[in-house]
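Peer 1: Chains as they are written, first to last, in the numbering used here: chain A, 4 to 795; chain B, 2 to 391.
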Amino acid sequence: MLSTQQFKTIVEQVTRVISLEAKGKDDHQPRAILAKKTQSLFLVAGPGSGKTTALTLRILKLIFVDKVPPEAIMATTFTRKAAAELTSRILEYGLGIREVILADNLFGSHHDQLRRLDLNSLRVGTLDSLAEDLLTEFRSTSENAPVVIETFARNALLLRKGVFGRGLHKSNSFKHYVKDVRGETPRIVRSYIDFLSTLRDRIVNDRVNVGQYLRSIGKRNVDNSIKQGADRAFTALSTYADDLKERQVLDFPALEVSFLDALETDRLEDFLGGLKFVLVDEYQDTNALQEAIYFKLASVAVENGGSTCVVGDDDQSLFRFRGATVELFRDFEPRLNAHTNKMVSPEKLYLNRNYRSTSSIVSFVNGFVQLDPDYGAARVTGKPDLVAERNNIVTEYPIFGLFRDDLDKLAESMAQLIDALVNGGGVNISDGDKSWKLALDKNNGSPNDIAVLGSSVREYSSGGKERLPWYLRHKLARLKSPIKVFNPRGQELTKVGDVRKLLGLVLECIDPNGNIQNDLKLGRLADEMGAWRTEGIEFINDKSNDDLRAFVDAWQRRKPTRQVRREERVSINDIIYKLLPWLPEFRYDVESLTYLEAISRTIADAALFSSFNSEIVFVRDDVGEQWSYHSVKSAIQDIFSVIASGAIDVNEDLLETLPSDRVNIMTVHQAKGLEFPITIVDVGSDFSNDHWKQESRRFPLERSIGPSYRLEDEFREFTNIDQGTRSARDRAFDDLVRLYFVGFSRPQDVLILAGHSKVISGNGIKNVPTGWCRDGSWSWGSGLTNLVHIDS
Amino acid sequence: MSVSVRKSPTIIPTYSLTGDLLAYLRCPRQYRYYNKASLPPSTPVQLWFGEFIHGVMEIAFFHWRDDGWTNFPWDWEQRIKFIELEMHSRLGARGMKAPPSLFRRYREGEEPVRLIASYRTELAINTWGPHLFPMIDKAEVRLKGSRPMPSGIKHARSDYFSITGVVDVVSSFRLKAADEGNRFLNYLCQLESVQHRLESGTEPFDVIVDYKGMRRPPSSATDNSNTWHHQEWQILTYAWLRQQQEPDRNIVAGVVLYLNELHPADTDYAELIRDVKNDATDVSPTEEDLVACESLAKLKTAGLSTEYREKRSIRVIDINDDAVMKSLEEFGTVVGDVELAVAKETSGSTIVDAWHPEFDRDTCIACDFKYDCEKATGNLKSNDLKPNVP
Numbered sequence: 004m005l006s007t008q009q010f011k012t013i014v015e016q017v018t019r020v021i022s023l024e025a026k027g028k029d030d031h032q033p034r035a036i037l038a039k040k041t042q043s044l045f046l047v048a049g050p051g052s053g054k055t056t057a058l059t060l061r062i063l064k065l066i067f068v069d070k071v072p073p074e075a076i077m078a079t080t081f082t083r084k085a086a087a088e089l090t091s092r093i094l095e096y097g098l099g100i101r102e103v104i105l106a107d108n109l110f111g112s113h114h115d116q117l118r119r120l121d122l123n124s125l126r127v128g129t130l131d132s133l134a135e136d137l138l139t140e141f142r143s144t145s146e147n148a149p150v151v152i153e154t155f156a157r158n159a160l161l162l163r164k165g166v167f168g169r170g171l172h173k174s175n176s177f178k179h180y181v182k183d184v185r186g187e188t189p190r191i192v193r194s195y196i197d198f199l200s201t202l203r204d205r206i207v208n209d210r211v212n213v214g215q216y217l218r219s220i221g222k223r224n225v226d227n228s229i230k231q232g233a234d235r236a237f238t239a240l241s242t243y244a245d246d247l248k249e250r251q252v253l254d255f256p257a258l259e260v261s262f263l264d265a266l267e268t269d270r271l272e273d274f275l276g277g278l279k280f281v282l283v284d285e286y287q288d289t290n291a292l293q294e295a296i297y298f299k300l301a302s303v304a305v306e307n308g309g310s311t312c313v314v315g316d317d318d319q320s321l322f323r324f325r326g327a328t329v330e331l332f333r334d335f336e337p338r339l340n341a342h343t344n345k346m347v348s349p350e351k352l353y354l355n356r357n358y359r360s361t362s363s364i365v366s367f368v369n370g371f372v373q374l375d376p377d378y379g380a381a382r383v384t385g386k387p388d389l390v391a392e393r394n395n396i397v398t399e400y401p402i403f404g405l406f407r408d409d410l411d412k413l414a415e416s417m418a419q420l421i422d423a424l425v426n427g428g429g430v431n432i433s434d435g436d437k438s439w440k441l442a443l444d445k446n447n448g449s450p451n452d453i454a455v456l457g458s459s460v461r462e463y464s465s466g467g468k469e470r471l472p473w474y475l476r477h478k479l480a481r482l483k484s485p486i487k488v489f490n491p492r493g494q495e496l497t498k499v500g501d502v503r504k505l506l507g508l509v510l511e512c513i514d515p516n517g518n519i520q521n522d523l524k525l526g527r528l529a530d531e532m533g534a535w536r537t538e539g540i541e542f543i544n545d546k547s548n549d550d551l552r553a554f555v556d557a558w559q560r561r562k563p564t565r566q567v568r569r570e571e572r573v574s575i576n577d578i579i580y581k582l583l584p585w586l587p588e589f590r591y592d593v594e595s596l597t598y599l600e601a602i603s604r605t606i607a608d609a610a611l612f613s614s615f616n617s618e619i620v621f622v623r624d625d626v627g628e629q630w631s632y633h634s635v636k637s638a639i640q641d642i643f644s645v646i647a648s649g650a651i652d653v654n655e656d657l658l659e660t661l662p663s664d665r666v667n668i669m670t671v672h673q674a675k676g677l678e679f680p681i682t683i684v685d686v687g688s689d690f691s692n693d694h695w696k697q698e699s700r701r702f703p704l705e706r707s708i709g710p711s712y713r714l715e716d717e718f719r720e721f722t723n724i725d726q727g728t729r730s731a732r733d734r735a736f737d738d739l740v741r742l743y744f745v746g747f748s749r750p751q752d753v754l755i756l757a758g759h760s761k762v763i764s765g766n767g768i769k770n771v772p773t774g775w776c777r778d779g780s781w782s783w784g785s786g787l788t789n790l791v792h793i794d795s
Numbered sequence: 002m003s004v005s006v007r008k009s010p011t012i013i014p015t016y017s018l019t020g021d022l023l024a025y026l027r028c029p030r031q032y033r034y035y036n037k038a039s040l041p042p043s044t045p046v047q048l049w050f051g052e053f054i055h056g057v058m059e060i061a062f063f064h065w066r067d068d069g070w071t072n073f074p075w076d077w078e079q080r081i082k083f084i085e086l087e088m089h090s091r092l093g094a095r096g097m098k099a100p101p102s103l104f105r106r107y108r109e110g111e112e113p114v115r116l117i118a119s120y121r122t123e124l125a126i127n128t129w130g131p132h133l134f135p136m137i138d139k140a141e142v143r144l145k146g147s148r149p150m151p152s153g154i155k156h157a158r159s160d161y162f163s164i165t166g167v168v169d170v171v172s173s174f175r176l177k178a179a180d181e182g183n184r185f186l187n188y189l190c191q192l193e194s195v196q197h198r199l200e201s202g203t204e205p206f207d208v209i210v211d212y213k214g215m216r217r218p219p220s221s222a223t224d225n226s227n228t229w230h231h232q233e234w235q236i237l238t239y240a241w242l243r244q245q246q247e248p249d250r251n252i253v254a255g256v257v258l259y260l261n262e263l264h265p266a267d268t269d270y271a272e273l274i275r276d277v278k279n280d281a282t283d284v285s286p287t288e289e290d291l292v293a294c295e296s297l298a299k300l301k302t303a304g305l306s307t308e309y310r311e312k313r314s315i316r317v318i319d320i321n322d323d324a325v326m327k328s329l330e331e332f333g334t335v336v337g338d339v340e341l342a343v344a345k346e347t348s349g350s351t352i353v354d355a356w357h358p359e360f361d362r363d364t365c366i367a368c369d370f371k372y373d374c375e376k377a378t379g380n381l382k383s384n385d386l387k388p389n390v391p
């Protein structure tokens, strides 16, 4: 339709900024975009390197120059948000290009063809969403559309069928096995579920040969109890998998297995027949099962006269704990070659021009990632440095440091800085005779331009002590002109006051005084529910809540206030919604609404497995109450105890309309793919002493290697993933480098490292993000003189 | 000197025709809670029946197509019962349990207890299956298209928006293939454009069919409800979307099948009488049917004629460029309104300030958020507004 040159010209015209002329031999972006349609690509794309733009234009080049029909293109992203962004960009530029061509008579012969071009028929999504869509769309008459269960239902089924159904909670051998492979003994119900869940992900996603594994355990020189525990664990997983089948539902690993199976058995023949281009983003977070899917798709696309394009960055691989295997990215070329008998030979290109950050930030990030020579061996070979390419920089700020003697002082200084930026027109920072003015944009700046990133954003430690996010939220709230924070993962759902009241009120309605709850012997979970009840009752006792008292009282006495049949089934959500007039925040405030959504969806999802379908049998006080009793028991067991265990999270996607007047507090994982003008990275606010329990988060030793690494080592021998030479400790170190590499590369203008003074003073506490290498050397040295420190 | 301003990523908002635009038109605030925030309704009767009847019709079509079940009527005991059970089990797998007033699962060895969903299913298959199934070209067709954001919408999230929809059935007609006794075609021939096509050429043409698990809405606005027109816009927009997908197909008509009309519920008779009295229905009953209707509403003594029920269950919509453009404009305005509400919320308004409520009696009565809604308070009886126990 268009020549390459015409495409280049029109792209410049439509995007107004993007030039497809290479700025030198090492500028690979134009090569990646303009490569011929049969050329497969392996793109190693650094942070801020315009990856989404490159992928968008690569796809549009295939459509407008190579005439690849949009429906022959499939692109997968890591998150739904990234999929929406990529689709939006393709549509925005694609529709723009179409308009330019349609307006130009020179292209008159293509106008008819162009009018038929349907950019919306591109398949862009997460692998799971595309798998679900394709299995639905191309299913045979006798097949059901796949039904995929979410985390809550999965955890609940693992608990019922796996933990309780197979008696794991009473099994010492199971405990011994968990301790052996994970390094920690499970203590609370949640940790049993977590272990089974991780185990299932690991064996399915890594395509572990379970039979071989169990045989090898049988031969190991370990306590018999551990062998029996392994058997029990895998029997529990089989029971869970059988239950999924019986219910005709899939969890996410099962969905991917089912998709691969459909691809390999030609059930998706019609889809595969037309496939010409497969793009995979964030490949560094792929697992072995997904790799098998992508290899199959790539082979088909190449056979059909097309190609594949894989994009990622090993330095930004953060999801090992979810089963991501960065080695699959690092070894992509040889693995693909081997799998396809060299039929697919991708060209490796580097997108290393950083369009996001100032030169000083780019230089700092380059320095950090090369600090520890032992990390080099874990990286893609031949990787060039990032090159600072941003061209609208007003000031080159140095990298700042903000370290204080305790959390209160640190949060106070941080709050003062943010206050000065948001409310005070800016702040001057001096270092000797140099001085820098930091200010938000006068017209369009907002607290949303500032992000505080850390490895965890929980407001409380596991021991219940307040952490930096808690201090900072409070300090900002106490300012003369208070500033709000955005931190949806800051506190567990069940720590939110209104949520506790609401849950307490429902419990009091259906089970006054907890009589039925007590029969269940739920231990700590019952204590938590008891606390909700107390808060609910205190709320009722408030003088203004007489109507509420009457409502709860009528429920407790089962005194209907309308005409009812002898027996009625009432959805627990009905009770929840009827309580909302007394808790209006849930309907007024975006954040509170997401809490309500998490609770009501949990209740609705429980209908999948709970005996009474998340309903309470309401019988009048004067008739039998056996079913009522059992329905309440089932609700407490299947819903409220799971919520009390802390297993429910809010859906952050629903916060899209949150006002922009808030400072972002995020984990580095949440911030991946995002950028902020000012970024404060917490590099050690928790580390006031050299405690071994914190080692895994700053400087792992053998004794503190986390469960993800242990599980990898446990199973890798029974997969087709090369074990490699990196020890668990090395991998743990590598991941810490990656985590802070991502954190440090988020800012556009200003990077501030923050933490406890102990991590920079004297001999310091060994800590990767403050410049320590795994051999125990401290490259940045005492005081971190490479930073400009912000004094109080 | 100041730092950069954080740019929000460009996201082209996607609107589902039924899940977003029609839901917003019913009540913007309810849309915010049920659709945008995906709060599950406490008593999803309508949701369950809608899914059930769509699934049943799809399975039935597959049996007709693949298993040679071409002779109608189908026996309930031998065939339809099992389709119902299949669909019931599929919905159960998704955590959607049948409302006890609509459907009860049949168990082996027990006399089946048939409720209203089952009677509607049988009639839907046996009334329309013989005439519709042979004409089906594709079932469950997913559609997506993009349009420029209407001009003058400040703070819209993008210059474009996308619309999505799923057409239940696309039927394809050819003059010679169509059986003269095909009642579906006979209804379609009410449209001049269809007649013209049939008379003038042999080119195939497409008809979009949408199943609705509801009664036929009043054909003129009542209680602020304009469902009749909204559904017409929906079909017209489907036609536009389908045309984007396959520009060579000629879509000349749309059909909405109101499947509840084949077996009305007790409350439907009263509503029908009300529509007749308000002159708000386009399919008026004969004297005989009106009498039957009145007696049914009171005493349930006689049935409406088959012909009348069939007539009320089918609605034919003419598809032409002007009408399609008008529907796109109408939905464009709705998109503009939603974008405005989103922008208001993002700039700090509370949810209730950003999303105003609309009153429609049936919608409000079934709404979980009616208890302190200003529209409901002004229009419903106080008893309907009290959080009752249970």
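Idealized CB from N, CA, C, for every residue including glycine.
Hey, how far is the Cα of W70/B from the Cα of S43/B?
Peer 2: Residue 70/B sits at position 69 when you count from the first residue of the second sequence. Residue 43/B sits at position 42 when you count from the first residue of the second sequence. If I take the Cα positions, the gap works out to 38 Å.
Peer 1: Quick check on the DSSP output: the beta strand (DSSP E) that includes V210/B runs from which residue to which?
Peer 2: Taking the first residue of the second sequence as position 1, residue 210/B is located at position 209. Taken as a continuous stretch (DSSP letters only), the beta strand (DSSP E) holding V210/B covers F206 to K213.
Peer 1: Should S159/B and P10/B be called a contact, given that it needs their Cβ atoms to be closer than 8 Å?
Peer 2: Stepping through the second sequence from its first residue, residue 159/B is reached at position 158. Stepping through the second sequence from its first residue, residue 10/B is reached at position 9. No, these two residues do not count as a Cβ contact at 8 Å.
Peer 1: Can you tell me where the alpha helix (DSSP H) holding N187/B begins and where it ends?
Peer 2: Within the second sequence, residue 187/B is the residue found at index 186, counting from 1. Note, N187/B: alpha helix (DSSP H), R184 to L189.
Peer 1: In three-state DSSP terms, what is Y743/A?
Peer 2: Taking the first sequence and counting its residues from 1, the one referred to as residue 743/A is at position 740. DSSP places Y743/A in helix when its eight states are reduced to three.
Peer 1: Using a Cβ cut-off of 8 Å (strictly closer), state whether A610/A contacts chain B.
Peer 2: On the first sequence, position 607 is the one that residue 610/A refers to. For A610/A, the answer is yes, since a Cβ of chain B falls inside 8 Å of its Cβ.
Peer 1: Tell me, to the nearest whole angstrom, how far the beta carbon of F185/B is from that of H264/B; I am working on the premise that it is less than 8 Å.
Peer 2: Taking the second sequence and counting its residues from 1, the one referred to as residue 185/B is at position 184. Taking the second sequence and counting its residues from 1, the one referred to as residue 264/B is at position 263. The pair is not a contact, with the Cβ atoms about 19 Å apart (cut-off 8 Å).
Peer 1: For I236/B, which residues of its own chain have a beta-carbon under 7 Å away from its beta-carbon, when the five flanking residues on both sides are left out?
Peer 2: To locate residue 236/B, count along the second sequence from 1; it is residue 235. Around I236/B: I209, D211, G255, V257 and I318.
Peer 1: Taking only three categories from DSSP, how would you classify L305/B?
Peer 2: Against the second sequence, residue 305/B aligns to sequence position 304. Three-state DSSP puts L305/B in coil, outside helix and strand.
Peer 1: Identify the contact partners of D121/A in chain B, using a Cβ-Cβ distance below 7 Å as the criterion.
Peer 2: Taking the first sequence and counting its residues from 1, the one referred to as residue 121/A is at position 118. Ordered by position in chain B, the residues that pass the 7 Å Cβ test against D121/A are Q245 and Q246.
Peer 1: Between which two residues does the beta strand (DSSP E) harbouring D388/A extend?
Peer 2: Within the first sequence, residue 388/A is the residue found at index 385, counting from 1. Counting along the chain, D388/A falls outside any beta strand (DSSP E), and DSSP gives it neither H nor E.
Peer 1: Smallest Cα separation from L496/A: which of I651/A, A423/A and V314/A?
Peer 2: The residue labelled residue 496/A in the question sits at position 493 within the first sequence. Of the listed residues, the one whose Cα sits closest to L496/A is I651/A.
Peer 1: Measure the C-alpha to C-alpha separation of S163/B and R210/A and round it to an integer number of angstroms.
Peer 2: Residue 163/B sits at position 162 when you count from the first residue of the second sequence. Residue 210/A sits at position 207 when you count from the first residue of the first sequence. Their backbone Cα atoms lie some 39 Å apart in a straight line.
Peer 1: Buried or exposed: D21/B, going by 16 or more other Cβ atoms within 10 Å of its Cβ?
Peer 2: Your numbering for residue 21/B matches position 20 in the second sequence. It counts as buried.
Peer 1: Taking E140/A as part of the alpha helix (DSSP H), name the residues at either end of that continuous run.
Peer 2: The residue given as residue 140/A occupies position 137 in the first sequence. E140/A -> alpha helix (DSSP H) spans L130 to E140.
Peer 1: If you measure from the beta carbon of R604/A to each beta carbon in chain B, is any gap under 8 Å?
Peer 2: The residue given as residue 604/A occupies position 601 in the first sequence. Chain B, which has a Cβ nearer than 8 Å to the Cβ of R604/A, makes this yes.
Peer 1: Say whether chain B places a C-beta atom closer than 8 Å to the C-beta of S241/A.
Peer 2: In the first sequence, residue 241/A corresponds to position 238, counting from 1. Cβ-Cβ to chain B under 8 Å: no for S241/A.
Peer 1: What residues of chain A sit near M2/B, judged by a beta carbon separation below 8 Å?
Peer 2: Locating residue 2/B in the second sequence gives position 1, counting from the first residue. The answer, in chain order, is V397, T398, K440 and A442.
Peer 1: Against G786/A, what residues of chain B qualify as contacts under a CB-to-CB distance less than 9 Å, listed in chain order?
Peer 2: The sequence position of residue 786/A within the first sequence is 783, counting from 1. Simply none; closest approach about 26 Å.
Peer 1: Is Y156/B buried or exposed, if buried means 16 or more other CB atoms sit within 10 Å of its CB?
Peer 2: Counting from one through the second sequence, the residue named residue 156/B turns up at place 155. Note on residue identity: the sequence assigns His, not Tyr, to residue 156/B. Exposed is the call here.
Peer 1: Should L109/A be labelled buried (16 or more other beta-carbon atoms within 10 Å of its own) or exposed?
Peer 2: In the first sequence, the residue the question calls residue 109/A occupies position 106. By the 10 Å Cβ count, L109/A comes out exposed.
Peer 1: Who are D434/A's beta bridge partners in DSSP?
Peer 2: Against the first sequence, residue 434/A aligns to sequence position 431. Note: D434/A sits in a beta bridge opposite K437/A.
Peer 1: Just verifying my parser: in three-state terms, what is the DSSP assignment at G51/B?
Peer 2: One-based indexing of the second sequence puts residue 51/B at position 50. G51/B: helix per DSSP, three-state reduction.
Peer 1: At which residues does the beta strand (DSSP E) containing V317/B begin and terminate?
Peer 2: Translated into positions along the second sequence, residue 317/B becomes position 316. Per DSSP, V317/B belongs to the beta strand (DSSP E) from I315 to D319.
Peer 1: Any chance the segment 695-715 of chain A sits against the segment 468-481 of chain A, with 3 or more Cβ pairs inside 8 Å?
Peer 2: Flag = no, the segment 695-715 of chain A and the segment 468-481 of chain A do not touch.
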